[in-house]
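Right, one structure below, let's go through it.
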RNA sequence: GGGCGAUUGGCUCAGUCGGUUAGAGCGCGCGGUUCACAUCCGCGAGGUCACUGGUUCGAAUCCAGUAUCGCCCACCA
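In the working numbering, the protein residues as written are 2 to 901.
Here's what the structure looks like:
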């Protein structure tokens with residue numbers, strides 16, 4: 002076994018071995034799944050097909066792979082289904098940049114050639130991400146890999162849309178949508194990011210119109226606006242109905258500047274009297290509030306923009322101007338004609354596009370909408386009724402709030418890369434929605450032949466096909482075997498920032514289309530931040546490249562760092578310190594294994610399978626580590642079961658490092674090297690050493706799959722072992738628990754405390770660390786004395802003492818001797834060494850006595866409290882009594898010691 | 001304007017069902033050429049669990065309020 006662990010070399014080879022063994026698929030050749038057990042299914046959140054692996058992907062992959070590996074080891078049929086998302090806008094933005102370098106553009110290529118180019122591009126990139134996920138150790142079923150633009154997804158999109166259409170949940174209508182000029186498409190409300198910015202609030206005069214229809218140069222109403230270019234689309238001015246200042250204005254008419262349109266002054270209580278002038282210009286086609294107001298008052302709605310963000314034909318002299326240029330010109334022109342009353346800086350929230358960061362323009366457009374309320378009700382019910390559980394629970398509220406206030410979903414996108422909406426128009430204006438791949442044979446209303454029908458140009462919002470993902474990947478709408486067996490999924494693991502985009506939509510579409518919630522548990526993780534708590538971003542320059550980390554310290558270390566100390570739903574910081582810690586842990590495990598493999602007694606055949614020794618040969622240290630192992634197996638298993646992976650990692654870290662390596666390995670080492678010890682005992686020691694290591698490897702495997710596999714392969718195995726730790730059975734604690742004797746384990750534990758006490762005392766007394774001290778031990782229990790005798794010199798060696806005498810009572814020792822006293826629980830040691838400085842030792846004992854007395858006083862006060870004794874559970878009271886007795890004894894002994 | 005989260009040693013975080021002795025890693029101090037590992041070993045210091053009040057025999061933990069920071073949602077032009 003090489004002295005240092007070489008992650009990079011090991012990981013690639015191990016992954017190949019897993020692939021060759023065909024153990025990733027639930028029905029793979031090497032799978033040891035028990036078909037009678039309930040399947041464990043995770044459908045992977047599909048990363049963007051053009052993307053590169055970032056830490057977020059690494060975190061998702063790590064958590065899901067860990068859950069999957071744990072489930073696989075419990076013999077459940079385990080499906081982790083991977084895939085890619087076509088990510089229409091994101092992918093188009095990427096491709097647009099690329100073709101721009103080639104001197105082309107969307108317009109120059111045209112739809113067909115653009116899509117051809119996109120398919121070629123996606124062909125090139127789609128393998129990258131999978132390769133990167135494999136480097137992380139992802140044990141996904143690559144044979145079932147899917148793509149949101151593959152034929153199966155396309156079919157699911159068509160069939161689902163037809164179903165929703167037939168169910169009356171789809172409509173095509175004119176509504177105010179969010180238009181992104183930069184992306185040249187509409188986007189959903191979720192994709193509009195409210196950004197606080199300082200804008201300008203202009204005050205503008207609208208002149209009243211006299212009865213003869215001419216504007217009155219001396220009478221006007223002043224309105225406030227932040228977007229003067231929308232003046233061109235104004236169809237009213239509104240004031241509050243109870244606003245005394247404007248009471249007489251209501252019902253009169255004003256002239257809209259530049260377009261010279263005569264519009265009414267209406268009263269509506271949306272108007273805030275305190276804001277601006279208390280009078281609002283109403284632009285129904287470009288503002289949600291105004292749109293509502295216009296509907297209430299039956300006002301016309303005039304769109305003044307075109308798709309490129311320029312003023313359209315409705316803008317009179319401004320037609321053709323870019324929107325912000327138009328704004329500047331209009332402000333200047335208002336000023337010139339004396340109708341600009343003033344302007345001031347104004348703090349406001351600007352809607353910007355999530356993708357392009359361009360300013361979103363609300364516009365009136367005819368598009369496709371999904372009526373979400375009925376679906377939302379089902380999605381809410383699924384969680385309310387406990388059919389789906391959200392972890393951590395606090396996100397239920399977020400989920401409910403959003404679904405309860407949900408608005409219709411604009412699924413139309415004026416893009417090319419995506420699923421085209423399967424709706425056809427006939428010349429008579431009828432709409433036919435069809436789920437047939439070639440489209441409908443004829444107009445569903447008038448029967449006109451297909452040749453006369455024209456398909457909708459719009460494509461679907463990317464998240465529409467993502468919403469179908471939990472079942473489209475399993476073959477829906479067909480009743481495939483996979484769908485029957487693996488739907489609904491077990492856990493949907495994702496970060497909390499896409500609850501609305503994705504989780505809620507999967508729940509809605511899943512409930513509505515399949516009649517079932519798409520998963521049992523929604524497991525929401527937090528985001529990974531840099532060591533200062535900032536979001537990682539390329540512009541901030543604080544990104545950690547997971548692949549660079551893997552190259553340097555290996556996937557196991559990255560995985561462990563991601564999981565260790567994390568809590569579901571909470572953001573976590575990740576930096577070099579954490580990564581180093583994880584790497585060091587792997588190194589520790591590797592070296593421990595190196596020692597174990599090298600320490601096998603010659604009496605034990607090299608290929609003898611791992612087994613626990615006969616009870617008669619089991620020594621005290623073995624009882625101790627086996628009892629610790631039993632506890633760890635139980636606790637770690639529970640932590641995995643309850644999705645508390647951070648805790649599983651912490652438990653393993655502590656058990657392996659602080660118990661197994663720091664103590665047990667040391668105790669085993671010395672006795673194994675002791676040739677005078679009977680072979681049967683040495684063999685037993687090694688067997689326990691190796692057995693516990695093997696169990697810890699299995700427990701750690703889901704988190705650190707590569708290194709545990711590599712080490713496990715080097716341990717001896719029985720012929721019927723599965724050959725890979727990856728498909729080894731999840732350990733249980735019964736063997737260890739049955740063999741370990743609790744009293745002996747406790748006796749050993751007490752002796753370890755004594756060693757710790759001796760080390761501390763000698764350090765405080767300023768003794769040379771290497772010096773051997775003579776010692777007399779007070780070991781009051783027979784069990785402890787027996788354990789000490791059995792461990793022989795190994796324990797003494799850890800404390801660097803030569804034991805002269807062991808007594809059961811401190812009274813048997815010389816009272817006045819100038820010796821260092823060590824107390825550890827009920828055990829004591831007296832150390833002799835010429836140059837010892839006794840003062841610090843005495844000071845420490847006095848401090849301890851003070852402390853013990855204080856605690857005793859508190860303990861006794863508690864017991865004196867009748868209410869406590871009467872009301873606290875008996876076990877707690879008993880515990881308190883025992884504790885008080887212990888403290889009393891400690892005080893007595895400390896007093897005795899200090900008196901001498 | 002609503003909602004959520006966080007607040008525990010210098011830093012980053014755990015802390016299950018409320019149980020009295022609040023843990024870890026990093027950092028810090030002291031010491032170490034122990035033949036698995038210096039990516040290491042040993043020892044130690046360091047905490048009024050943000051604050052106020054309440055519930056309880058008992059509160060880091062439950063309740064109410066306050067403060068600070070962060071996030072999400074929301075139509076004052």
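C-beta: ideal position from N, C-alpha, C; glycine also.
Per DSSP, residue 312 lies in no alpha helix (DSSP H) and is assigned neither H nor E. According to the DSSP assignment, residue 493 belongs to the beta strand (DSSP E) that extends over 490-496.
Ranked by Cα distance from residue 604, the first of 359, 625 and 682 is 682. By the neighbour-count criterion, in which 16 or more other beta carbons inside 10 Å mark a residue as buried, residue 157 falls on the buried side. Residue 65 and residue 43 have their alpha carbons spaced roughly 7 Å apart.
Between the segment 401-419 and the segment 365-374 there are three or more C-beta pairs closer than 8 Å, enough to call the two in contact. Considering only 887, 823, 820 and 821, the residue with the shortest C-alpha distance to residue 853 is 887. In the three-state reduction of the DSSP assignment, residue 354 falls in the strand class. Under the three-state reduction of DSSP output, residue 716 falls in the coil class, being neither helix nor strand. Scanning its chain for C-beta atoms nearer than 7 Å, with the 5 sequence neighbours on each side dropped, one finds around residue 30 the residues 23, in chain order.
Around the CB of residue 48, 16 or more other CB atoms lie within 10 Å, so the residue is classed as buried. The continuous beta strand (DSSP E) containing residue 806 extends over residues 802-808.
One thing to note: residue 201 has its Cβ within 8 Å of the Cβ of residue 346. In terms of Cβ geometry, residue 677 and residue 757 do not form a close pair [threshold 8 Å].
In this model, residue 174 and residue 365 are separated by some 10 Å (Cα to Cα). Where residue 480 is concerned, there is no enclosing alpha helix (DSSP H), because DSSP gives it neither an H nor an E. If you ignore the 5 residues before and after residue 198, its C-beta comes within less than 6 Å of the C-beta of 351, all in its own chain and listed in chain order. Here residue 885 carries a helix assignment [DSSP, helix/strand/coil]. Taking the Cα of residue 539 as reference, the smallest distance to any Cα among 28, 53 and 27 is reached at 53.
Counting only residues of its own chain and dropping the five nearest sequence neighbours on each side, residue 435 has a CB closer than 6 Å to the CB of 423 and 441.
In the DSSP assignment, residue 648 falls within the unbroken alpha helix (DSSP H) covering 646-655.
Distance from the Cα of residue 308 is smallest, within the candidate group 414, 669, 795 and 776, for 414.
In this structure, DSSP gives residue 413 an extended state, which the three-state scheme calls strand.
Ranked by Cα distance from residue 489, the options 5, 39, 9 and 14 are led by 39. With contacts defined by Cβ atoms closer than 8 Å, residue 830 and residue 759 form a contacting pair. Going by DSSP, residue 68 is part of the alpha helix (DSSP H) stretching over 56-74. The beta carbon of residue 736 is closer than 7 Å to those of 613 in its chain, skipping five residues each way along the sequence. For residue 643, the closest alpha carbon among the candidates 658, 802, 591 and 71 is that of 71. Boundaries of the beta strand (DSSP E) around residue 208: 193-210.
Proximity to residue 298 across 311, 349, 336 and 240 peaks at 240, based on C-alpha coordinates.
Annotation: residue 271 is outside any beta strand (DSSP E) and is labelled neither H nor E by DSSP.
With fewer than 16 other beta carbons inside 10 angstroms of its own, residue 325 counts as exposed. Here DSSP, grouped into helix, strand and coil, assigns residue 369 to strand. Excluding the 5 residues flanking it on each side, residue 79 has same chain C-beta neighbours closer than 6 Å at 27, 41, 69, 72 and 73, in chain order. Within the same chain, and ignoring the five residues on either side of residue 330 in sequence, the residues whose Cβ sits closer than 7 Å to its Cβ are 319 and 322. Counting every other CB atom within 10 Å of its CB across the protein chains shown gives residue 764 a total below 16, marking it as exposed.
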